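Participant:
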Amino acid sequence: MEDIFTIANKNFNSRLIVGTGKYKSLEQTASAVKASGADIVTVAVRRVNILNKDQPLLMDFLDPKSITYLPNTAGCYSSEEALRTLRLAREMGGWRLVKLEVLGDKKTLYPDMIETIKSTEILVKEGFDVMVYCTDDPILSKKIEDAGACAIMPLGAPIGSGLGIQNKVNIRLIKEQSSVPVIVDAGVGTASDATIAMELGCDGVLINTAIAEAKDPILMAESMKYAVTAGRKAFKAQRMKKREYGSSSSPEDNLI
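According to my numbering, the residues represented by the sequence shown are 235 to 490, in order.
See below:
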């Protein structure tokens, strides 16, 4: 059966979402996105040039007609900042599908969940389809879904840390209780981290720093593509049961 990734009633082929920040050039950004096979790229509205034609435009390297742009609120520390940023994005490009993140601390970059929930409710009322970056707390994640989010994006570890998924139990619980897509966002450091996220049952993974800061970003982007695919296939295959002791791989009946 076809394994379709759906967000806000739109279907995508790839379950890997790629960020567009931290690369050495827009040419490298475009090459990494192509290697990743991603259908969606996140764009920090406050940091990436998508409007000033006197400077290099991201759109000259990544055609928004062939790839979905996901405006985000990176760098926003209040509901007011986040709302203003996404309203501006809609005015500039007509974007309705957006990623919300409202940070609460400049050292850890952990989200402020009170501001995040408030912002989600407002954006949903204004007609946005909101994918929401949040902590890996199952209770707060459920409140995000109840506020109308079209996708929940719990952190695996702090943004840009590369530590991998620190709380597998919580990620699994969030997925089990959610009726909207769950996408691990932040903390992935290498391909195995992405595979683990998918093996836990997550619907997708968002990766930026792990690709952009790799020694070979293009090769890492390709590895992430295969990692997400492998993890998804393993989840669907349903792994063997764990055992306390060894179990022979061959039958022991009628031995010579």
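For every residue, glycine included, the Cβ atom is placed at its ideal position computed from N, Cα and C.
The model shown is predicted, which means the values in this text are computed figures rather than measured ones.
So, Arg321 versus Asp363, is the Cβ gap smaller than 8 Å?
Facilitator: no
Participant: Can you tell me whether Asp427 is helix, strand or coil according to DSSP?
Facilitator: helix
Participant: Taking the alpha carbon of Thr234 as the reference point, which residue from Ala461, Ala308 and Asp294 has its own alpha carbon closest?
Facilitator: Residue 234 lies beyond the range of the chain shown here (235 to 490); nothing can be said about it.
Participant: Would you kindly report the start and end of the unbroken alpha helix (DSSP H) that includes Met326?
Facilitator: Ser313 to Gly327
Participant: Determine the direct distance from the alpha carbon of Glu478 to that of Lys244, and round the result to whole angstroms.
Facilitator: 44 Å
Participant: Name the two residues that bound the continuous alpha helix (DSSP H) containing Thr263.
Facilitator: Leu260 to Ser270
Participant: Are the Cβ atoms of Met432 and Val439 separated by less than 8 Å?
Facilitator: yes
Participant: Which residues bound the alpha helix (DSSP H) around Asp380?
Facilitator: Pro372 to Asp380
Participant: Quick one: what does DSSP say Asn442 is sitting in, helix, strand or coil?
Facilitator: coil
Participant: Could you name the residues that DSSP lists as bridge partners for Asn245?
Facilitator: Thr240
Participant: Does the contact criterion of 3 or more C-beta pairs under 8 Å hold for the segment 394-404 versus the segment 368-377?
Facilitator: yes
Participant: Check each candidate in Lys299, Ala383 and Gly394 and name the one with the smallest Cα separation from Lys340.
Facilitator: When only C-alpha atoms are compared, the closest one is Gly394.
Participant: Along the chain, which unbroken stretches of the alpha helix (DSSP H) at least 4 residues long are found entirely within the segment 336-372?
Facilitator: 347-359
Participant: Looking only at C-alpha atoms, which of Ala385, Thr240, Ile238 and Leu296 sits nearest to Gly253?
Facilitator: Leu296
Participant: Rounding to the nearest angstrom, what Cα-Cα distance links Cys384 and Glu355 in this structure?
Facilitator: 12 Å
Participant: Based on the DSSP secondary-structure assignment, which residues constitute the bridge partners of Val277?
Facilitator: Pro305
Participant: From Asp419, Met326, Lys268 and Ala323, pick the residue whose C-alpha is nearest to that of Ile386; which is it?
Facilitator: Ranking Asp419, Met326, Lys268 and Ala323 by Cα distance to Ile386 puts Asp419 first.
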